[in-house]
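This report concerns only the one structure given below.
There are 2 protein chains.
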Amino acid sequence: MRQKITLKHIAKELDISISTVSKALKGNKEISEDTRLKVKAFAKLYNYKPNNIALSLKNRKTKTIAVIIPEILHHFFAKVIRGIERVANKNGYQVIICSSNNSFDREVINFEMLASGSADGFILSIAKETLQNQDYHHITETISQGMPVVLFDRVADGIFCDKIIVDDTRGAQDAVMHLLAQGSRRIVLLTTVDYINVGNLRTQGYLRALKAYDLEIDETLILKIEDVDNCEGEILSFLEEKEFDGIFAVNELFAVLATKAVRLQNKSIPDDVAIIGFSDGLLSKHASPTLTTVSQHGEQMGEKAAELLIHKLENQQQGLEEYRTIIIDTELIHRASTRE
Amino acid sequence: MRQKITLKHIAKELDISISTVSKALKGNKEISEDTRLKVKAFAKLYNYKPNNIALSLKNRKTKTIAVIIPEILHHFFAKVIRGIERVANKNGYQVIICSSNNSFDREVINFEMLASGSADGFILSIAKETLQNQDYHHITETISQGMPVVLFDRVADGIFCDKIIVDDTRGAQDAVMHLLAQGSRRIVLLTTVDYINVGNLRTQGYLRALKAYDLEIDETLILKIEDVDNCEGEILSFLEEKEFDGIFAVNELFAVLATKAVRLQNKSIPDDVAIIGFSDGLLSKHASPTLTTVSQHGEQMGEKAAELLIHKLENQQQGLEEYRTIIIDTELIHRASTRE
DNA sequence: AAACTATACAAAAACGTTTTCGTAACCAAG
DNA sequence: CTTGGTTACGAAAACGTTTTTGTATAGTTT
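Written out as structure tokens, the structure is:
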């Protein structure tokens, strides 16, 4: 087992100084053709690779972007990561991903770990628990130490930094407007509890759409789900006792479960009930019937986030604090769960 | 914007030496109670955090595990990552994840980047392109430099290291045996092209099961799919012209698409056609009907992989080269797409 | 009083780089 | 023969730690 080779090894072996080796490898013209070739040949032979850690320490930058997401098991986040990776790699940055598993503690631990030297900047979607706690000290402190942070999707108003968000309200409104346009009048809303930012915003969109059609809100058609992982029965029994001809769900899972429930009632989709979900993932695409859904352009979000972050990193003129919030448009993907 | 604070800053501020500060913070009894408290108070006040990069350089270890997976957008890999994270975090290791996007080049780049100082060891599932190329120099070289590597799921025989695999053949065989047991006799196999390791192994399992039942292989019932991302039509037309009463698919997507095709033919599932897929992901769980499937226990794989790697890392007695291959059992999850 | 022993701290080395500065050797010009 | 300029290299500092070694002061033995 060969050990990792360093400049020092090369220097000793060739009986020259470390600085000469370093310069030779970088093609510095200060070093004679002769020595340069000799060093390069030796380095190649022994497969020399500069130690990144040492470089990071020296340069005080790591060329690494840290991404922290609430859950890895999520199509939308996976897409965002793709976008981030594309832009990052193009610009010579490495991407490292950590998941907070929606836990406040893990988010803090990951954040502090990565903030103390391992990365140059953060792209972050805030964990559910953190949003509940409303404790953002780890984030704000890191920002105040000069490390750029870009928030996406699950953001918080109290944090001053660049943000990439989806216009959730608008997307939801468009979706519900479409349900209304194609004839639905009693539209069920399957949403999350209020402290979940995105659930809340999408709920707003639902309300606005109804208002735009001058329909009054029937609170009994709204179900706020707490336990996302275990809500199949809840949705089923809720839908059993209602009269409705449309469903808007704030995520894919709710939509798919609703579809199942409706089919159990022997109602036809989309003729008796039209359904629209949120997030264009695998489920919507492969459900039966395929689901009309609001797409969030996750990859584009990732790209934008990475662009913003890298721009900040490479133009670190201090003092000039200016934060941007970019809103990514949603798009309604028409499939078989709605008419027209 | 406060700068990041270092030992040097503290030392200068309190007019003592750097070593005293370091020792004081670590509670070294060589330092007087007085000084110790003063330093700790100051450090706390200014939120001092040791620089990880410097620590890594000094200790020549990073307490970081690098995970490279072929695609992030994949339920199975996401589950494995969960398992890895759980074990890693419990042992004080950080996990960083990179995706190769199934590209050989990206795999090599990620690998070399992380191998040169950023991580202590690797957990890796080999990219499709790499398996095709059969070029594993980046991996074998890293191993020979003393960095532990654990391969999982998509492994290669030519690489000597610890491996965690699923008994794909056995899992597939069990599945097909189940189809046979519940009455199917003409069973379609939807698989991938041969160089994909897992597809190949699962195909073997299919063949073995038929042999166990003394059935002869009907090659016309086997479809080898090249373009996984774009195979809906292919599956549809293949199934249109065949006689069959069972389908075994080597992944979730194929199974779901087959389900759709069968329903289009107005055959009933599971009565006319029984279907089993591979991988227990979202699709199988939420498809209509829900799909019987072979579960790979992804989290368990991740846990095992992390355990193996950490064990190697913490018992670096050189010389002793011993590699283990752990086989994780599969489990047939019974759902609505099969009888009984 | 000489010789130890604690105590409490400082200095320096090391991890692997890069880069600035210094300098020996050589040659040309005055 | 002195000065100046190249050429080709080496020394050293720096990044932020930890740790080993060194040392001044004070107190304790004999």
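As given, the protein sequences belong to chains Y and U, one line each in that order. Counted from 1, the first sequence has number 1391 at position 105 by our numbering; the numbering is strictly sequential. Counted from 1, the second sequence has number 1482 at position 196 by our numbering; the numbering is strictly sequential. Virtual Cβ for every residue (Gly too), placed ideally from N, Cα, C.
- Gly1403, Ser1404, Glu1427, Ser1430: these are the residues of the stretch 1403 to 1430 of chain Y whose beta carbon lies less than 8 Å from some beta carbon of chain U, given in chain order.
- Secondary structure at Leu1496/Y: helix, using DSSP grouped into helix, strand and coil.
- Per DSSP, Gly1532/Y is one residue of the beta strand (DSSP E) stretching across 1532 to 1535.
- Ranked by how close their Cα comes to the Cα of Leu1475/Y, the residues Asn1483/Y, Leu1465/Y, Asn1345/Y, Glu1585/Y have Leu1465/Y in first place.
- Residue-level contact check: His1361/U touches chain Y, since one or more beta carbons of chain Y fall below 8 Å from its beta carbon.
- Here the alpha carbon of Leu1595/Y sits roughly 48 Å from the alpha carbon of Phe1524/U.
- Taking the beta carbon of Pro1356/Y as reference, no residue of chain U falls within 8 Å; the closest one sits roughly 13 Å away.
- For Ile1339/Y, the nearest CB of chain U lies under 8 Å from its own CB, placing it at the interface with that chain.
- Taking a Cβ-Cβ threshold of 9 Å, the residues of chain Y close to Cys1384/U are Glu1371, Gln1380, Val1381, Ile1382, Ile1383, in chain order.
- The C-beta separation of Ala1405/U from Thr1348/U comes to about 6 Å, placing the pair in contact by the 8 Å criterion.
- Contact between the stretch 1344 to 1362 of chain U and the stretch 1311 to 1328 of chain U is not established, with fewer than three Cβ pairs separated by less than 8 Å.
- Spanning the alpha carbons of Gln1380/U and Leu1400/Y requires a straight line of approximately 9 Å.
- Within the stretch 1541 to 1553 of chain Y, the residues whose Cβ lies closer than 9 Å to some Cβ of chain U are Val1542, Leu1543, Thr1545, Lys1546, Arg1549, listed in chain order.
- For Met1587/U, the closest Cβ of chain Y is not nearer than 8 Å.
- Here the alpha carbon of Thr1477/U sits roughly 11 Å from the alpha carbon of Asn1483/U.
- Listed along chain Y, no residue sits closer than 8 Å to Leu1293/U by beta-carbon distance, the nearest being about 13 Å off.
- By the 16-neighbour rule on beta-carbons within 10 angstroms, Arg1346/Y is exposed.
- Gln1380/U: member of the beta strand (DSSP E) spanning 1380 to 1385, first to last residue.
- Only Asn1333, Lys1335, Pro1336, Asn1337, Asn1338, Ile1339, Ala1340, Leu1341, Ser1342, Leu1343, Arg1346, Thr1348 from the stretch 1317 to 1348 of chain Y bring a Cβ to less than 9 Å from some Cβ of chain U.
- Between the stretch 1585 to 1599 of chain U and the stretch 1432 to 1444 of chain U there are three or more C-beta pairs closer than 8 Å, enough to call the two in contact.
- Straight-line measurement puts the Cα of Phe1564/U at about 59 Å from the Cα of Ser1303/Y.
- By the neighbour-count criterion, in which 16 or more other beta carbons inside 10 Å mark a residue as buried, Arg1322/U falls on the buried side.
- For secondary structure counted as the alpha helix (DSSP H) over 4 or more consecutive residues, the stretch 1402 to 1447 of chain Y holds these complete runs in sequence order: 1414 to 1419, 1423 to 1430.
- The beta-carbon of Gly1432/U is placed less than 8 Å from the nearest beta-carbon of chain Y.
- Taking 8 Å as the Cβ-Cβ cut-off, the stretch 1494 to 1526 of chain Y has no residue approaching chain U.
- In chain order, Leu1476, Ile1521, Leu1525, Ile1533, Ala1535, Ile1561 place their CB closer than 7 Å to the CB of Ala1544/U, counting only its own chain and leaving out the 5 sequence neighbours on each side.
- Counted as a single uninterrupted DSSP element, the beta strand (DSSP E) harbouring Val1474/U occupies residues 1473 to 1478.
- Taken atom to atom, the span from the alpha-carbon of Ile1367/Y to that of Asp1391/Y is near 22 Å.
- Taking the beta carbon of Lys1376/Y as reference, no residue of chain U falls within 8 Å; the closest one sits roughly 12 Å away.
- Of the other Cβ atoms in all chains shown, fewer than 16 fall within 10 Å of the Cβ of Ala1467/Y; this residue is therefore exposed.
- The Cβ atoms of Leu1501/Y and Phe1530/Y lie no closer than 8 Å to each other.
- Its chain contains Ile1291 as the residues whose beta carbon lies nearer than 6 Å to that of Tyr1334/U, once the 5 sequence neighbours on both sides are disregarded; these appear in chain order.
- Around the Cβ of Ser1554/U, a 10 Å sphere holds fewer than 16 other Cβ atoms; the residue is exposed.
- DSSP places Leu1618/U in the uninterrupted beta strand (DSSP E) bounded by 1617 to 1619.
- Not flagged as an interface residue toward chain U: Ala1591/Y, since no C-beta distance is shorter than 8 Å.
- With the rule of 3 Cβ pairs closer than 8 Å, the stretch 1350 to 1357 of chain Y counts as touching the stretch 1402 to 1420 of chain Y.
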